[in-house]
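Residue numbers (the working numbering): 116 to 594.
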């Protein structure tokens, strides 16, 4: 538990650093581009991502699981080679298809500007195809230090590429930067993955290739389906709204999404470590597996919630400080439901990488994520009859992830025999939601005093729940 916590903290620190750089990058981009230009980018990205996701096949997650249990560098390379061959058997045809369909999509969305952008994205798909598998080599072999240094360094590379290209070429420059960034990322990850192996490469025999193919696919297809569903869920706002509202309105929704998604930094940091660690734990210690998970998850749960309600509580002030209030004030009412949509997804993602994938609960994963997408669509289609589309979509996403999280808890209980959540989880979650609704307080001194009181009450609730041992933290860091 000590090593797991250590690497999660290091991972979180690297993610926060990278996120800080990303916030600076996003801020400058939003200052340079108009709302309409940002909306055009969101539409093109959503369309490209919706097809691009089909290249992944869940191979990164499956490869990490297999590499975590590999006994030698030669075996690791065989897993990498098999995964890469499978990946590009899919990636190349998809990239060609996206390139050729760019004209049709631009007509469908009545936006001729996105045709060239989608064509550039087709090349991005080829460049980024191998990244997930290279990342699985590094994380599967538990070379977390190298991985986290890379995450910070590549964020500065991104900044150096995006800002000048967007300044000179606007919307098209964004996609030039995206392509260049993915080329640099793939080359860098290849160096990190294979340099330590020192020529310990061995191609798999035909028999080994077939065996690895079957092993990888036994779990990867479920991960693949989940990845497809998540990408379509994440892009469902721009995709559905783009059919009925202007690019400017999509840009407002895109801003709320951009702000809210920062909460994923915690779960992303955790899953970087957990998939490899818990896969190994499940293979070698199934008896203590769930207890090990719960002790770690409770701490993460207690950290994510205050980050979420703080981001919501001060969202208006943050947008004012960065000078974007005039452009994006309409997005403020969307931030609460969208942030909690990503909070619920964060918990679901941690459960997926720490429990569902290591335990090979592929069917259960598929059910959970299909429910997430279906519940979101149904809520939106029904809700937009009574409230305006932006609000309907924001609450639809929150509803979809909430229902999916509950289903993952129920299915885990049915398969593994123990509850992942207790009543303390639901009470803390309810407290965080209530605090978030107080973000509408206008009087600044009252708002500050209220926030301090709410935070004290939350910390007290965490202490009572015993999710975090504050006495041990006090002794370790303050004495």
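Ideal Cβ positions, reconstructed from N, Cα and C, are used throughout, including at glycine.
query: Which value, in whole angstroms, describes the spacing of the CA atoms of residue 504 and residue 487?
result: 19 angstroms
- prompt: Assuming residue 608 contacts residue 331 under a Cβ cut-off of 8 angstroms, what Cβ separation, rounded to an integer in Å, is found between them?
  reply: No statement about residue 608 is possible, as the shown extent of the chain runs from 116 to 594 and does not include it.
Candidates 271, 163 and 189: closest to residue 137 by CA position: 271
- prompt: Among 419, 367 and 445, which residue has its Cα nearest to the Cα of residue 150?
  reply: 367
- request: Determine the extent of the alpha helix (DSSP H) in which residue 224 is found, giving its start and end residues.
  value: From DSSP, residue 224 is part of no alpha helix (DSSP H); its letter is neither H nor E.
Reduced DSSP secondary structure (H/G/I, E/B, other) of residue 532: Coil.
query: Do residue 293 and residue 409 have their CB atoms nearer than 9 angstroms?
result: no
query: How long is the line joining the alpha carbons of residue 282 and residue 229, rounded to whole angstroms?
result: CA-to-CA, the gap between residue 282 and residue 229 works out to about 19 angstroms.
message: Buried or exposed, going by whether 16 or more other CB atoms sit within 10 Å of the CB of residue 540?
response: buried
message: To the nearest angstrom, how far is the alpha carbon of residue 376 from that of residue 433?
response: Separation of residue 376 and residue 433 (C-alpha to C-alpha, rounded to the nearest whole angstrom) is 15 angstroms.
- request: Starting from the C-beta of residue 285, find all residues in its chain whose C-beta is less than 8 angstroms away, skip the five residues before and the five after it, and write them out in chain order.
  value: So the qualifying residues of the chain are 147, 148 and 152.
field: Cα-Cα separation between residue 446 and residue 397, rounded to whole angstroms
entry: 43 angstroms
- request: Measure the beta-carbon distance from residue 555 to residue 464 and round it to whole angstroms, keeping in mind my assumption that it falls under 8 angstroms.
  value: In fact, because the Cβ distance is near 29 angstroms, the residues do not count as touching under 8 angstroms.
message: I need the straight-line Cα distance from residue 379 to residue 128, nearest angstrom please.
response: 13 angstroms
task: Look at the Cβ atom of residue 477, then the Cβ atom of residue 334, and state whether they are nearer than 9 angstroms.
output: yes
task: Go to residue 76, then tell me how far its alpha helix (DSSP H) extends in each direction, as first and last residue.
output: Any answer about residue 76 is impossible in this case: the structure gives the chain only from 116 up to 594.
message: If you follow the alpha helix (DSSP H) that residue 194 is in, where does it begin and where does it stop?
response: 188-215
- prompt: When DSSP labels each residue in this structure, what does residue 594 get in the three-state scheme?
  reply: For residue 594, the predicted model reports a pLDDT of 48, less than 50, meaning its position is unreliable; a value from the coordinates is still stated below. In the structure shown, residue 594 sits in coil (DSSP, three-state: anything other than H, G, I, E or B).
Helix, strand or coil at residue 242 [DSSP, three-state]: Of the three classes helix, strand and coil, the one that applies to residue 242 here is helix, per DSSP.
query: How big is the Cα-Cα spacing for residue 594 and residue 288?
result: Annotation note: pLDDT 48 at residue 594 (below 50); position unreliable, coordinate value reported separately. Between residue 594 and residue 288, the C-alpha separation is close to 52 angstroms.
Alpha carbon of residue 254 to alpha carbon of residue 262, nearest angstrom: 7 angstroms
message: For residue 405 and residue 531, what's the separation of their Cα atoms in angstroms?
response: Just so you know, the alpha carbons of residue 405 and residue 531 end up roughly 9 angstroms apart.
task: Could you have a look at residue 507 and say whether DSSP puts it in helix, strand or coil?
output: The answer is helix: DSSP assigns residue 507 an H, G or I state.
query: So, is residue 438 buried or exposed, given that buried needs 16 or more other C-beta atoms within 10 angstroms?
result: exposed
- prompt: For residue 519, is the classification buried or exposed, using 16 other Cβ atoms within 10 angstroms of its Cβ as the cut-off for buried?
  reply: Its Cβ being crowded by 16 or more others within 10 Å, residue 519 is buried.
- prompt: Quick one: what does DSSP say residue 537 is sitting in, helix, strand or coil?
  reply: coil
query: Secondary structure at residue 358, three-state DSSP: helix, strand or coil?
result: Here residue 358 sits in coil by DSSP.
task: Starting from residue 320, trace the alpha helix (DSSP H) both ways and give me its first and last residue.
output: Counted as a single uninterrupted DSSP element, the stretch harbouring residue 320 is not any alpha helix (DSSP H), since DSSP gives it neither H nor E.
- prompt: Which same chain residues, not among the five before or five after residue 134, have their C-beta less than 7 angstroms away from its C-beta?
  reply: 377 and 380
task: Look up residue 488 in the DSSP assignment and say whether it is helix, strand or coil.
output: Looking at residue 488 - three-state DSSP - the assignment turns out to be helix.
message: Among 393, 234, 225 and 252, whose alpha-carbon lies nearest the alpha-carbon of residue 354?
response: 225
message: Tell me the DSSP secondary structure of residue 499 in three-state form.
response: Residue state, collapsed to three classes: coil.
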